[in-house]
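Residue numbers (numbering that gives the first Met the number 0): 0 to 907.
Ideal Cβ placement from N, Cα and C applies to all residues, glycine included.
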Amino acid sequence: MADKHHYKGLTDAQVLESRQKYGENSLSSVEGEPLWKQFLEKFTDPIIIILLVALVFSFGVSTYEYVVHNEGFDAFLEPIGILFAVLLATGVAFYFEHKANKQFEILNQVNDEIYYKVIRNEHITQVLKKDIVVGDIVILETGEEVPADGELLEAVSMHINESTLTGEPLVHKTTNPSDFEAEATYPSNYVCRGTSVSDGHGIFEVKKVGDATEYGKVFEGVQIDNTVKTPLNEQLDKLAGMITKISYAIAILVIVGRLILYFTLPAHNINQIDWIDFGHYLLNTAMIAITVVVVAVPEGLPMSVTLSLAYSMRSMMATNNLVRKMHACETMGATTVICTDKTGTLTQNQMTIYETYFNRFTDEQLGEKLIAESMAVNSTAYLDFTDKEKPNVLGNPTEGALLLWLYGKGTNYLPIREGSEVLNQLTFSTERKYMATLVQSPALGKPVLYVKGAPEIVMTFCYEGGKFLSDIPQADFEAKLLQYQNQAMRTIGFAYKVIDDPNTVISENGKLVVNGLNFIGITAISDPVRPDVPASIEECLHAGIQVKIVTGDTPGTAREIARQIHLWDDTCTERNQITGVEFAAMSDTELLDRITDLRVISRARPLDKARLVNLLQQKGEVVAVTGDGTNDAPALKAAQVGLSMGDGTSVAKEASDITILDNSFSSIGKAVMWGRSLYLNIQRFILFQMTINVAACIIVLIGAFLGVESPLTVTQMLWVNLIMDTFAALALASLPPSNRVMNDKPRARGANIITKPMTKGIFGVGGFFVVLLFGFIQYFKNEDITSLTQFSITDYFSHFFHFGTPKNGLSAYELSLFFSIFVFLQFWNMFNAKAYRTGKSTFYNIGKSQGFILIATVIVIGQVFITTFGGQMFNVTPLKLTDWTIIIGATSLVLWTGEILRAIKTEK
0 MADKHHYKGL TDAQVLESRQ KYGENSLSSV EGEPLWKQFL EKFTDPIIII
50 LLVALVFSFG VSTYEYVVHN EGFDAFLEPI GILFAVLLAT GVAFYFEHKA
100 NKQFEILNQV NDEIYYKVIR NEHITQVLKK DIVVGDIVIL ETGEEVPADG
150 ELLEAVSMHI NESTLTGEPL VHKTTNPSDF EAEATYPSNY VCRGTSVSDG
200 HGIFEVKKVG DATEYGKVFE GVQIDNTVKT PLNEQLDKLA GMITKISYAI
250 AILVIVGRLI LYFTLPAHNI NQIDWIDFGH YLLNTAMIAI TVVVVAVPEG
300 LPMSVTLSLA YSMRSMMATN NLVRKMHACE TMGATTVICT DKTGTLTQNQ
350 MTIYETYFNR FTDEQLGEKL IAESMAVNST AYLDFTDKEK PNVLGNPTEG
400 ALLLWLYGKG TNYLPIREGS EVLNQLTFST ERKYMATLVQ SPALGKPVLY
450 VKGAPEIVMT FCYEGGKFLS DIPQADFEAK LLQYQNQAMR TIGFAYKVID
500 DPNTVISENG KLVVNGLNFI GITAISDPVR PDVPASIEEC LHAGIQVKIV
550 TGDTPGTARE IARQIHLWDD TCTERNQITG VEFAAMSDTE LLDRITDLRV
600 ISRARPLDKA RLVNLLQQKG EVVAVTGDGT NDAPALKAAQ VGLSMGDGTS
650 VAKEASDITI LDNSFSSIGK AVMWGRSLYL NIQRFILFQM TINVAACIIV
700 LIGAFLGVES PLTVTQMLWV NLIMDTFAAL ALASLPPSNR VMNDKPRARG
750 ANIITKPMTK GIFGVGGFFV VLLFGFIQYF KNEDITSLTQ FSITDYFSHF
800 FHFGTPKNGL SAYELSLFFS IFVFLQFWNM FNAKAYRTGK STFYNIGKSQ
850 GFILIATVIV IGQVFITTFG GQMFNVTPLK LTDWTIIIGA TSLVLWTGEI
900 LRAIKTEK
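Structure below.
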């Protein structure tokens, strides 16, 4: 490697020519959308669109009231309220997503200002990664990342970590055609951008740069627009359509009904129509119909969805989930399949000694010294102690595992290595499958030959006179070796021999020529499963979520990892696993028949995972994909939710929706719990608000036919809307998540967000409120009430069907009573909504719902304050303390009735 003058490299002129022809060694950056466009995208939400339509209608009604009836500027408070709801919902969504993207940019900063040794003009020089061109001769050493794709010219004991592209952590590279691996994902003499040199060194000629590299092709595939709609998008689309149809139907019913009513009244002779009077009546009818449409629209729904998502987005950050796209929070709750890679996600991505099986030394202390010396001296790996808690391996990860094992035993390899003079060395090669080093041993005070490598080969050097040199029979070692291999472990055998003559020739023609070594034993090395993964997998399976491993590893290793995480058991057959080659050879039709049963896909290539995701989506599955490598990027983008790891490649993180900062699979289970809890909170808000909307719509409808107008003024309705929308959204969106949701199965993809129990609750409770409130209107119109202590239940029912001329109108005090009764009915119903689908009392775990308690307190104080001090603005007058007590106590029956029904249901 020292003599490199025979590689001339490119001249300066050739560099310029190559760059002009093939381009720079940089990836085309994804141009972010301008902020104004990102903000406008928030207005494409179906509910927001309905609100905008309602805003136009409401503005028309307000203009009519302002011009025709001289209502004053107060007439415009309703459209202002709707506009406020729209801007708040879209603004909050935009703010949180923009903030998350800023955090992501900080997390994902990629520094391309890295220098590489390149031969140009017949000299070695340093060149920035981005300035490397096709035709350059690049020198690679252990630990360096490959800057571009190219063909190897030289390779010495070279191993490449291709996990970023194929999931394979250690791939042997060589320039010897006879040693090429036929089944390798990429040719054995070819290196790819984004991979790194784990061991050895080499020289390669650049063949492709930038977007033309394998890394670049995957990155380009990531930029494909993802048009897959999230389940929440689809369900809100359905809800928006349903609300539109129902509100239009009621509006048409109001118009038809009032026209029939107009022409059936004796005062309106169809042959002598007063067209001016009829025009005025028709215009009023149209205004009432438009009012129905406005009232029917749940103005607080986008606010609730946005606040729920924003709250979850912020809270999930505390559980190491950096959410970039708001809807990804909820979509995790709808996930039915998780496709996960192995290395770094299920495993720790660090080779570790799983178990040792060493010889029984008579002198235990000497045996320990020999074992330590054989690992420390006969090695080319190093440990980086910058992080004292967790040293990092530099070099071959398998050799690094041995040094880490020594470190765990309290032995530092470095003093042993530095104190042992190397007399001769035969480096490791894939062809030999062993390494030998002759050192002047401090432990024995003599030259010692240490050999390590494939156990079955090392054993062949351990015979003398036909006898296997070890205190443990060879058969026992072989049995242990078979056990480790069945567990998909990597095994290393160790042997030593004292050499009396330091000048002894230990190798000829690259092969060991010394026999009669003493066999020390075997170590089993694996990339261990993360401790929290088995429990997390079981949690996902219990929640009805399928888990599929997609890895570039061998079938045996992948299956063993699946067994360790409890994904593979005795019931599994060949139908539950497949290789990438078999997967690619099968048609979509064949795979669709088998895809549900698959648990392990081994030897997978980058686009296999993306194809798997697309096929699962064709079967109606909601797919989440985990990955940390560039090879995972297409699948991360294609899935409804892409989950990248915090230490993953920039391409993987760019393609994802959520970044798992701690790389822990358990964080995925937390994301599912948050998603399901979030969806439940949205349902609770819909249950609460739609109950009020149904009541309001029916009251307007009844009023249209009976001439009974709502006693609530515009300003009072604005306060009610504030309670229904912003406050209730905040209260119900901030409810903490519950582990109970993990006992449920994923909801059906085509399910309606409003379930049958919700429908019963909405129309049942809403209908009850209508009857109750209509009764109070009739009662107050026919009685002169100055305090609720005068209330008579008999008179209440006697006046219920009295549709004649009222004895008197509603006094200011009666209006204040009605206003407060209406508000507190909704207030107590908010507690019922909180308890929806908990199976418990609304007061269960109330101490953890500080946000809910705070907002409930604000509503009570706000209602008392407005009624007491609102005066002319809110058309109210202060109420007596006894009336407040009666209102709060009587309306609380809404809550206590709900509590009794929940208790009865729980007992059943």
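- Query: Can you tell which of Q439, N502, V769 and T841 has its C-alpha closest to the C-alpha of A902?
  - Reply: T841
- Query: Does DSSP put Y114 in a helix, a strand or coil?
  - Reply: strand
- Query: Does the region 652 to 662 come close enough to the region 628 to 641 that 3 or more CB-CB pairs lie under 8 Å?
  - Reply: yes
- Item | Residues of its chain near H565, where Cβ-Cβ distance is below 7 Å and the 5 sequence neighbours each way are ignored | P533, I536 and E537
- Considering only the beta carbon of each residue, do A523 and R489 sit closer than 9 Å? yes
- Query: In the structure shown, what three-state DSSP assignment does V14 receive?
  - Reply: helix
- Could you tell me the distance, in whole angstroms, from the CA atom of F779 to the CA atom of Y795? 9 Å
- N107 (DSSP reduced to helix, strand or coil): In this predicted model, N107 has a pLDDT of only 41, less than 50, meaning its place in the structure is not dependable; the value taken from the coordinates is given anyway. Here N107 sits in coil by DSSP.
- Query: What span of residues does the alpha helix (DSSP H) with E813 cover, start to end?
  - Reply: A811 to K833
- Task: Given a cut-off of 9 Å, decide if V457 and N377 are closer than it, judged by their beta-carbon atoms.
- Result: no
- Looking only at its own chain, which residues have a Cβ that is under 7 Å from the Cβ of I223, when we skip the five neighbours before and after it? Note on I223: pLDDT 40, under 50, position unreliable in the model; the coordinate value appears next. Closer than 7 Å at Cβ, skipping near neighbours: K636.
- Item | Distance between beta carbons of N319 and S643, contact taken as under 8 Å | The pair is not a contact, with the Cβ atoms about 12 Å apart (cut-off 8 Å).
- Please report how far the alpha carbon of L425 lies from the alpha carbon of E507, in whole angstroms. 10 Å
- Let me know the secondary structure DSSP gives Q37 once reduced to three states. helix
- Item | Spatially closest choice to P554 from T572, A632 and T124, by CA coordinates | T572
- Query: Exposed or buried, N69, counting other C-beta atoms within 10 Å across all chains shown (16 or more means buried)?
  - Reply: exposed
- Nearest-angstrom Cα separation, counted from T334 out to P756: 23 Å
- Query: Q486 by DSSP, collapsed to three states: which one?
  - Reply: coil
- Message: Please classify T173 as buried or exposed, where buried requires at least 16 other C-beta atoms within 10 Å of its C-beta.
- Response: buried
- Task: Return the residue from the list M315, V66 and S246 that minimises the CA-CA distance to G668.
- Result: M315
- Query: beta strand (DSSP E) containing F518: first to last residue?
  - Reply: N517 to S525
- Task: Would you check if the region 498 to 517 and the region 322 to 340 touch, i.e. whether three or more CB-CB distances between them fall below 8 Å?
- Result: no
- Message: Please tell me whether T769 and I820 are closer than 9 Å, where the distance is taken between their beta carbons.
- Response: Strictly speaking, residue 769 in this sequence is Val, with Thr absent from that position. For V769 and I820, no; Cβs fall outside 9 Å.
- Using the beta-carbon count (16 or more within 10 Å), is Y356 buried or exposed? buried
- Whole runs of the alpha helix (DSSP H) within the region 350 to 385, excluding any shorter than 4 residues: 363 to 376
- When the Cα of I994 is compared with those of K608, F687 and R604, which residue comes out closest? With the chain represented from 0 up to 907, any question about residue 994 goes unanswered, as that position is not in the structure.
- Where does Q347 sit, in a helix, a strand or coil, going by DSSP? coil
- Query: Nearest-angstrom Cα distance between A317 and S663?
  - Reply: 14 Å
- Reference A546; option with closest CA among R604, L611, T503 and A584: One point to set straight first is that residue 546 is Val, not Ala, in the sequence displayed. Nearest option by C-alpha distance: L611.
- H171, buried or exposed, once every other Cβ within 10 Å from all chains shown has been counted against 16: buried
- With burial defined as no fewer than 16 other Cβ atoms inside 10 Å of the residue's Cβ, what is the status of F800: buried or exposed? exposed
- Query: Taking the alpha-carbon positions, what's the N502 to C461 distance?
  - Reply: 21 Å
- Task: May I have the straight-line CA-CA distance separating L772 from L590, to the nearest angstrom?
- Result: 60 Å
- What separation, rounded to the nearest whole angstrom, lies between the Cα atoms of Q473 and V497? 21 Å
- Message: Buried or exposed for M241, going by 16 or more other Cβ atoms inside 10 Å?
- Response: exposed
- Task: Return the chain-ordered list of same chain residues with a C-beta closer than 6 Å to the C-beta of Y412, the five sequence neighbours on each side being excluded.
- Result: A375, L402 and L405
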